Amino acid sequence: MYATYVIWAKHMHKFSRSTEEAIGLALQSVMWVVLFGVGMRGLVGDVGGNDYMSYMLPGIIALSALGGAVGGGLILLDERLRGITKEYLVAPIPRLSILLGNAASTATKALFQALLMLLVGLLMGARLAGNPAGWLAALVLVALFALGFSGLALAIAAQSRSIMGYHGMIFLFNLPILFASNALYPLDVLPTWMQVVVLFNPTTYLIDATRALAFGTPATLPLLLSAAVVLGLALGGVGLAYVSFQNSLQRTM
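For the sequence shown, my numbering assigns the number 2 to the initial residue and increments by one for each residue that follows.
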């Protein structure tokens with residue numbers, strides 16, 4: 002476990018010293034919440050009894066967590082292409098520690114980006130429910146969601162042969178995950194075929210649960226089901242990352 006911590010600390014130290022990356026995360030949060038959220042709030046008004054900013058913010062938080070996961074996968078790919086991963090392999094540490102360190106740092110940065118998005122949203126008028134226990138439960142779900150998509154990003158990074166190839170694969174499920182969900186519009190206003198697509202998207206369950214727990218919007222899906230789906234995503238993402246990482250190591254040997 003110490004090796005996992007060392008790799009996590011290395012990546013977080015690099016992140017803390019990367020001014021460009023920090024500014025990029027901050028600007029992305031401001032642009033989504035300020036430019037899109039404020040504009041749509043003036044057009045839509047209330048949704049489900051809540052101000053549109055409060056309604057939309059959980060979806061943007063999910064998108065920001067996904068963006069942080071994508072960035073973490075890019076770091077693993079960069080280390081693979083530069084031969085740093087091979088240096089890890091000759092060190093007397095478990096190979097699983099390499100993956101866990103990357104997954105932990107990726108999930109941490111994704112969670113940081115999600116919290117930054119929440120802060121910007123609150124400054125722009127979003128209103129949390131008066132339920133601290135719900136805030137904590139929502140934070141746990143966002144962390145599990147970030148871990149799950151971090152695993153998926155790492156699985157793709159472990160198999161990609163170039164940075165451009167990685168970005169191409171990531172693009173296939175980045176924005177579609179946002180728009181094929183209940184992030185920007187209620188589930189009941191969608192046509193039936195799109196509702197079916199949305200219900201196959203784990204992001205839908207995170208967003209619905211976060212709205213109910215942290216923002217007081219009535220849940221449209223059972224909370225236990227949403228929690229189970231997000232937990233399944235976390236376990237499945239990490240498991241897929243492990244299998245993909247093992248396969249990539251076998252090719253390099």
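Just so you know, even glycine gets a beta-carbon here, dropped at the ideal spot from N, CA and C. None of the values given here were measured: they were computed from a predicted structure.
For Gln196, I'd like the list of residues in its chain whose CB is within less than 7 Å of its CB, leaving aside the five on either flank, ordered along the chain. Leu188
Are the Cβ atoms of Ala66 and Val143 separated by less than 8 Å? yes
Could you pull out every residue in the same chain whose Cβ sits closer than 8 Å to the Cβ of Leu241, ignoring the five residues on either side in sequence? Gly152, Leu153 and Ala156
Tell me the start and end of each unbroken alpha helix (DSSP H) in the region 43 to 129 that is at least 4 residues and wholly inside, in chain order. 53 to 83, 85 to 90 and 96 to 124
Considering only the beta carbon of each residue, do Phe246 and Leu207 sit closer than 8 Å? no
Nearest CA to the CA of Tyr186: which residue from Thr86, Tyr53, Tyr243 and Gln114? Tyr53
Give me the Cα-Cα distance between Val31 and Gly69, rounded to the nearest whole angstrom. 15 Å
Since Ile61 and Met118 are thought to touch, with beta carbons under 8 Å apart, how far apart are those beta carbons, to the nearest angstrom? 6 Å
From Leu36 to Gly122, what does the alpha carbon distance come to, in whole angstroms? 11 Å
Cβ neighbours of Leu77 in the same chain (closer than 6 Å, five flanking residues each side left out): Asn103, Leu155 and Ala158
Which residue spans inside the region 186 to 210 form an unbroken alpha helix (DSSP H) run of at least 4? 193 to 200
Report the three-state DSSP secondary structure of Thr5 (helix, strand or coil). helix
Indicate the three-state DSSP secondary structure (helix, strand or coil) for Asn183 in the structure shown. coil
Roughly how many whole angstroms lie between the Cα atoms of Leu225 and Ala138? 12 Å
Which value, in whole angstroms, describes the spacing of the CA atoms of Thr205 and Ala213? 12 Å
Exposed or buried, which one is Tyr3 when buried takes at least 16 other CB atoms within 10 Å? exposed
When the distance is taken between beta carbons, is Ile164 closer than 8 Å to Leu75? yes
If we count the other Cβ atoms within 10 Å of its Cβ and call it buried at 16 or more, is Ala161 buried or exposed? Per the sequence shown, residue 161 should be read as Ser rather than Ala. With 16 or more other Cβ atoms within 10 Å, it is buried.
If you draw a straight line from the C-alpha of Ala92 to the C-alpha of Ile85, how long is it? 11 Å
Using DSSP with H/G/I as helix, E/B as strand and the rest coil, what is Pro219? coil
Identify whether Arg212 lies in helix, strand or coil by the three-state DSSP scheme. helix
Using the three-state DSSP reduction, which class does Leu236 fall into: helix, strand or coil? helix
Measuring straight from C-alpha to C-alpha, what distance separates Phe261 and Thr193? No statement about residue 261 is possible, as the shown extent of the chain runs from 2 to 254 and does not include it.
Please name the residue in Ala10, His14 and Ala63 whose C-alpha comes closest to that of Leu176. Ala63
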